[in-house]
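The next block holds one structure in the form of structure tokens; read it before the comments.
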Amino acid sequence: MWGFVLGIILILLLIVGYYLLYYNYWSERGVPAISPIYTFHNFSELVFRVSPKFTNLKDLYFKNQDKRYVGLFQFFRPILMVNDLDLIKKICVQDFDTFTDHSPYPNVLFTDKLFHKNVFSMTAEDGWYELRGALTPFFSGSKLRRWYPLMRRCSEQVLDYLNSCESTDCVDLRDLFERYSNDVIGSASLGVCCNSVRDRDNPFFNGCRYLANFSGMKGITYIVYSLYPRLLQVCDNDTIIHYIEFLDHSSKLNKIKSDRLFPSTNQREYALPLRKKYCTRRHC
């Protein structure tokens, strides 16, 4: 009996210590902070898709818009939300050289090189400058003007589809605009003409939807991997396997150039080893 009571007391002390270790981060630095319980509730809603991400961010902003910045927590990760426009400009423009690194995905250094070389998680040491230099020409004025005919063609495909529908047919606008956005991105960025508006089972669209879906168990899995990233080394990562299979399928059809898939040599350096690793596991 006493052993059970001591065990409960020890667990409570560990919880309190954990709380003090993480959630006093902002108060120790004199930064106004949002209650960790409130932020935990918000991010839990985001994981379980109770509300969209922009709604959570909007609520956090309007509750604290009188402050220049405010500290919050993404579960165990401290995050500074900047509200002041002048301060945002200073961070993103004037002092960009000081704030070059992205916020990394869950401890990617211990998981897979594919995500470690992702444009949204790279740091200056990983070759972020090289990748930025490789991506910048994609958004020059001349390149953007070349996108217009491709975007127009995708728009015409949507109009043709709508004109072919009967007046009594119901059209899922969310699904329609997802497919249109997918076609525009695939056509303009990767050179893939898929017309997923007509082809309802298009493999490119299904693959992109699968990769972008973090609802349900995938959201929970993401959180588990965030806390215990080494699990990715012992568990099959279907998302990466799906991505590699898509690359193989596209390369066989000669629809995508390698320099579009991997703009920098830093990324191409890791693409082939990953393909060999996961294709060996799945006997591709």
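Going by the UniProt record's numbering, the letters in the sequence shown line up with residues 1 to 284, in that order.
Just so it is clear, CB atoms sit at the ideal spot from N, CA and C, and this is done for glycine as well.
For Ala33, DSSP records a beta bridge to Gly71.
Distance from the CA of Ser35 to the CA of Leu72, rounded to the nearest whole angstrom, comes to 7 Å. Linking Ile79 to Leu10 through their CA atoms gives a straight-line distance of about 30 Å. For Tyr23, the number of other beta carbons within 10 angstroms of its own is at least 16, and it is reported as buried.
In this structure, Tyr180 places its C-beta atom within 9 Å of the C-beta atom of Val197.
Under the three-state reduction of DSSP output, Met122 falls in the coil class, being neither helix nor strand. By the Cβ rule, the region 84 to 103 does not count as touching the region 52 to 65, because fewer than three pairs are nearer than 8 Å. Scanning its chain for C-beta atoms nearer than 7 Å, with the 5 sequence neighbours on each side dropped, one finds around Cys165 the residues Val171, in chain order.
Here Val158 is not bridged, per DSSP, to any residue. Spatial neighbours of Glu156 in its own chain (CB-CB distance under 6 Å, excluding positions within 5 residues in sequence) are not present. DSSP places Ile91 outside any beta strand (DSSP E), giving it a letter other than H or E.
In this structure, DSSP gives Val82 an extended state, which the three-state scheme calls strand. Around Pro32, the same chain offers Lys67, Val70 as residues with beta carbons nearer than 6 Å, after the five sequence neighbours per side are excluded. For a cut-off of 8 Å, the C-beta gap from Leu150 to Ala188 is around 5 Å, short enough to register as a contact. For Asn202, same chain residues with a beta-carbon under 7 Å away, outside a window of 5 residues either side, are Cys194, Ser196 in chain order. Of Phe177, Leu211, Phe205, the smallest CA-CA separation from Gly186 is found for Phe205.
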